[in-house]
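Just so you know, the protein sequences line up as chains A and B, in that order.
First residue of the first sequence? That's 1 in UniProt numbering, and the numbers climb one at a time after it.
First residue of the second sequence? That's 1 in UniProt numbering, and the numbers climb one at a time after it.
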Amino acid sequence: MVACRAIGILSRFSAIRILRSRGYICRNFTGSSALLTRTHINYGVKGDVAVVRINSPNSKVNTLSKELHSEFTEVMNEIWASDQIRSAVLISSKPGCFIAGADINMLSACKTLQEVTQLSQEAQKILEKLEKSPKPVVAAINGSCLGGGLELAISCQYRIATKDRKTVLGVPEVLLGALPGAGGTQRLPKMVGVPAALDMMLTGRNIRADRAKKMGLVDQLVEPLGPGLKPPEERTMEYLEEVAITFAKGLADKKISPKRDKGLVEKLTAYAMTIPFVRQQVYKKVEEEVRKKTKGLYPAPLKIIDFSHISFLSIDHSSLLPFWTMYKFGELVMTKESKALMGLYHGQVLCKKNKFGAPQKDVKHLAILGAGLMGAGIAQVSVDKGLKTILKDATLTGLDRGQQQVFKGLNDKVKKKALTSFERDSIFSNLTGQLDYQGFEKADMVIEAVFEDLSLKHRVLKEVEAVIPDHCIFASNTSALPISEIAAVSKRPEKVIGMHYFSPVDKMQLLEIITTEKTSRDTSASAVAVGLKQGKVIIVVKDGPGFYTTRCLAPMMSEVIRILQEGVDPKKLDSLTTSFGFPVGAATLVDEVGVDVAKHVAEDLGKVFGERFGGGNPELLTQMVSKGFLGRKSGKGFYIYQEGVKRKDLNSDMDSILASLKLPPKSEVSSDEDIQFRLVTRFVNEAVMCLQEGILATPAEGDIGAVFGLGFPPCLGGPFRFVDLYGAQKIVDRLKKYEAAYGKQFTPCQLLADHANSPNKKFYQ
Amino acid sequence: MTTILAYPFKNLPTTSKWALRFAVQTKTKKTLAKPNIRNVVVVDGVRTPFLLSGTSYKDLMPHDLARAALTGLLHRTSVPKEVVDYIIFGTVIQEVKTSNVAREAALGAGFSDKTPAHTVTMACISANQAMTTGVGLIASGQCDVIVAGGVELMSDVPIRHSRKMRKLMLDLNKAKSMGQRLSLISKFRLNFLAPELPAVAEFSTSETMGHSADRLAAAFAVSRLEQDEYALRSHSLAKKAQDEGLLSDIVPFRVPGKDTVTKDNGIRPSSLEQMAKLKPAFIKPYGTVTAANSSFLTDGASAMLIMAEEKALAMGYKPKAYLRDFMYVSQDPKDQLLLGPTYATPKVLEKAGLTMNDIDAFEFHEAFSGQILANFKAMDSDWFAENYMGRKTKVGLPPLEKFNNWGGSLSLGHPFGATGCRLVMAAANRLRKEGGQYGLVAACAAGGQGHAMIVEAYPK
């Protein structure tokens, strides 16, 4: 209890300090020491333990900014100089976040290599000092501890983390096209072993606290507490601090050893890695694997491997190595790939906000019509967020299949230990499967995911409107049917909206929300709120044929057909597209989407947009559908799919179809590169046209939609970022070249031409 | 500890104006008898000595222990066995051979084979459930005479084959031909032999109770020292009660093939220094719950004769106490697993129309020192009452001088299924001995459930 009180005083003291530090005038008058000017970091002393609290002002998360760095250095120097202090605890004042990483705005703001290198250098210096600290420092981690935050934590002598779901550790730099720039490439392998460190650095994956404990990334876990005399989060933070203080004292008194007992396997691996031959083989294998996966399009992973490997040879940290890392870190951050990935990060942050504000009524009861792949997928991502969900289908077999899909999705999480079986059961109880409209009178939102047929959609809309309450929103999950046409039969078109999910719903992050002229702002706010709750990244677009995503994809698909007709092997086409950075090959993509769906879309949009969407002969798809080659779902498409067989063989029955529709290739535009650019430029041109026509509100949403929904190469950052980085002029030149060969389908749109004409014009300023 | 001792003064008669004006003994209500509802009385209750598991009872089966309690009750009360209408027992970890342990024990104890019996389970409040089931049967006029009790034998728990092994064995049972048998046997893997142990863990959260108690203590900032002090108090008071012969509900048990057991063997008053040496048992290495400040695994059984008042008087009995209002509560099994008493106490008091000051004897189940102290802090917190209990003000602390004066589960032991009856008998016997009128019994249980009941002394 005494401890409690002392901490209370401490925190009050620091609060005063923050208050005072904000008054600039006061500071000038009193002319007090730098101690009072700190805004990011403050510390108090409890017994002989300094408790250093990190708290970036006006932000939900702590990020490693320049100010934070300099204040941290100052504070640590004071601690090292003080005679009273024997150890320190490093903790955040924000629940849910230790340090979320480097300030990305700060990195993106860097114009020159020198600036970035300097940032990295400063970080390395203080971390090196921290690592060699004569007074033990304990990092007390609650919430996200990422990137530079983790590099800071592993420079400390001891780490204690809360076993909270929010507590995750990781080095996600690779996802931004960079590498851990503050010594992580050297310290991580030493701490958790080479295989685990490489895995962390190359995938950027988040590691939960209990796993981190097993790996040796943290030394102790603290269980989150329930309610006591204070709110649970507050008390958990206090408790974490109390525990950390006892460990800091123990370390200072040498009662606790910061060294961890390694398991036998770990010792053996560590030993094996000291043998140069084994090590080289391991690194060679990893590098091969990475090259295969990234197609050499991403420079960062390869650099990470290099550094982790080189750090093995260096005996001394103070050698040249850290400087080299800094330099390379700087170089990487300045690459196009990194700029593209950081752009995506910013876009994603933007698309995780509800620009319509809070809806008047929270959606608590959701009803989904159609228990197919999409319907069940939507149900799955809804029930696990606590939405009471009705899943309605017309037939019992359809309903059974859908419910089974939801259960399987949840059960897979149990197998991966992300859920307990008890949580699965209680989540699953949020789902009601039924064949009738019982309970719809309580629904706040109905999402229909029935077959893509306008008259069917009209029928269910009318049926549903007869049973739902006045405030209930009707959302249509369609990939191409214009929402205004669906809403035409509605009694209340202001409550009708489009919510275009992507399959598989539980894996694809994107949700495209489509508003019509009549859709009310509150309806939009509700739809976005539900989507955000479901964990989606959301773009909001205007209604129109194919909206944004389907519309961009269609011309590219048409080009795919033409390329196939010109005699390019589907396998070759797949490898051309994947080596450009698409995660899925173009022919495989058609199979995955479903040939019948592709045909539907091609016909519908072809009718509206006419020649611009031409190119390939839709007859190819028609013939495939008539032969039952619907893609993966029917077992045959361009490829043959067999349950449990990973290898994909070409469907030889396609040969006759392709032969009958064969087109002579035009040699001047049929090089590998030309084929890649024919596909990409049509995509990009259509995307820019969507912005020009106002379907898209911002280029950022266009990039997010293309990358997260359609698999546009992330290393290019999306169609708009691509135009900016690659150069509008070069793209227009390409388009003109293809236009000469094929005609109107390649005519650059006005906005793109404008950008080409004035080189200063950029989608991202 | 000092803080806890100081609390009762703060919280003296604020609720009852009468109490302020007159002597503290003045009750809000003279009796809790209700018009048109039969009064239910406890004629008497007994228990076997509670022993650390793995000691003298280790070769017994649960129904043996239960039988000992039942024969002890027959002997103590001399009740003619044919008047007993129904027998109810509570138990937690069931021996699969005697899943209705109440019936097996009753048959062996010489009760009439015409007396039906059933077994209930509600974790640590199983015996409470047995008693209140009996109260319900009497109050509704279905029965006049009930035997309620509970039993737990932690010395032997069912350890099962793994699910895979069980499946294999069951399939083998059904296999008809040699070929089928061989093909099944070929599926056998060595890991099938890994046994499945029963754990004192929540099924819903997979958290052991000790772990949850440690977190609860931390949530309420209960220190290790406070916990050790409380445990020491429990052991010291139990030792005193044992030495003074106050634990009169114990009936000696002649263990077959062994000596007669006459007293509880878990009472071990130690010193704070000794206790401080122990390492945390659950949250290692920095937790605060240790073996010394937790209740231990215990074997024991209890039984109690409950009757309608008029029946008891007609049979010439002098009952010990009335069983009055009771209340079951439940809450979050993860973070509030052991807070049952905090939730149940104000509800049962309000239901009975009493206040904390009316209670002369508190008998709370002590699962862990940390649990009791966390409940105290919760009951003493306005913040907790407002935010989690939907009350405007705090529940208030039970005065420590009236609290578990003869020891508790920490020192006497805690056979899960049997503790409820011990609590009620302790309250009843204390009221008789110390001269109070109302006793409050409260307990927490796995699953985040809780129970509280008012015991009213029978006028002498």
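Glycine residues also receive a C-beta, built at the ideal position from the N, C-alpha and C atoms.
Asked, Found
"Chain A contacts from the stretch 356-381 of chain B (Cβ-Cβ distance under 7 angstroms)", "377, 381"
"Residue 44 of chain A: first and last residue of the uninterrupted beta strand (DSSP E) it sits in", "41-46"
"Residue 496 of chain A and residue 476 of chain A closer than 9 angstroms at C-beta", "yes"
"DSSP bridge partner residues for residue 119 of chain B (one or two, in chain order)", "B/89"
"Residue 75 of chain B - DSSP class collapsed to helix/strand/coil", "helix"
"Test item: CB-CB of residue 548 of chain A and residue 696 of chain A under 9 angstroms", "yes"
"Per DSSP, the bridge partner or partners of residue 444 of chain B", "B/450"
"Residue 211 of chain B versus residue 283 of chain B - alpha carbon distance", "6 angstroms"
"Contacting residues, own chain, Cβ-Cβ under 7 angstroms from residue 55 of chain B (five flanking each side not counted)", "265"
"Start and end residues, alpha helix (DSSP H) containing residue 579 of chain A", "570-580"
"Test: residue 215 of chain B CB closer than 9 angstroms to a CB of chain A", "yes"
"Listed by chain order, chain A residues near residue 336 of chain B by CB distance under 8 angstroms", "226, 227"
"CB contact check: residue 123 of chain B to chain A, cutoff 9 angstroms", "no"
"Boundaries of the beta strand (DSSP E) in which residue 146 of chain B is found, first to last residue", "145-153"
"Cutoff 9 angstroms: residue 343 of chain B Cβ touching any chain A Cβ", "no"
"Residue span of the beta strand (DSSP E) that contains residue 302 of chain B, given as start and end", "298-308"
"Chain A residues whose Cβ lies nearer than 7 angstroms to that of residue 286 of chain B", "243, 246"
"Proximity below 9 angstroms, CB of residue 625 of chain A to CB of residue 590 of chain A", "no"
"Euclidean distance between Cα positions of residue 123 of chain B and residue 220 of chain A", "32 angstroms"
"Partner residues on chain A for residue 388 of chain B, Cβ-Cβ distance less than 9 angstroms", "227"
"Contacts that residue 239 of chain A makes with chain B (C-beta to C-beta distance below 7 angstroms)", "218"
"Sheet register partners of residue 388 of chain A (DSSP bridge)", "A/365"
"Nearest to residue 417 of chain B (by Cα), restricted to the options B/411, B/445, B/199, B/435", "B/445"
"As assigned by DSSP and simplified to three states, the class of residue 179 of chain A", "coil"
"Beta-carbon gap between residue 57 of chain B and residue 147 of chain B smaller than 9 angstroms", "no"
"Every unbroken alpha helix (DSSP H) inside the stretch 194-243 of chain B [4 residues or more]", "209-219, 224-243"
"Coil, strand or helix - residue 283 of chain A by DSSP", "helix"
"Residue-level contact to chain B via CB, residue 121 of chain A, 9 angstroms cutoff", "no"
"Sequence-distant residues of the same chain with beta carbon closer than 8 angstroms to residue 33 of chain B, five excluded per side", "39, 322"
"Beta-carbon gap between residue 46 of chain B and residue 425 of chain B smaller than 9 angstroms", "yes"
"Burial state of residue 280 of chain A, where buried means 16 or more other Cβ atoms lie within 10 Å", "exposed"
"Backbone CA spacing between residue 54 of chain A and residue 339 of chain A [nearest angstrom]", "29 angstroms"
"heavy atom of the ligand MN below 8 angstroms from residue 203 of chain A C-beta", "Absence of the ligand MN is noted for the structure shown, with no ligands found whatsoever."
"Residue ranges of each beta strand (DSSP E) within the stretch 133-219 of chain A, 3 or longer", "137-141, 144-146, 158-162, 168-170"
"Residues near residue 40 of chain A by beta carbon distance below 6 angstroms, same chain, minus five either side", "56, 67, 68, 71"
"Residue burial classification, residue 343 of chain A (beta-carbon count within 10 angstroms, cutoff 16)", "buried"
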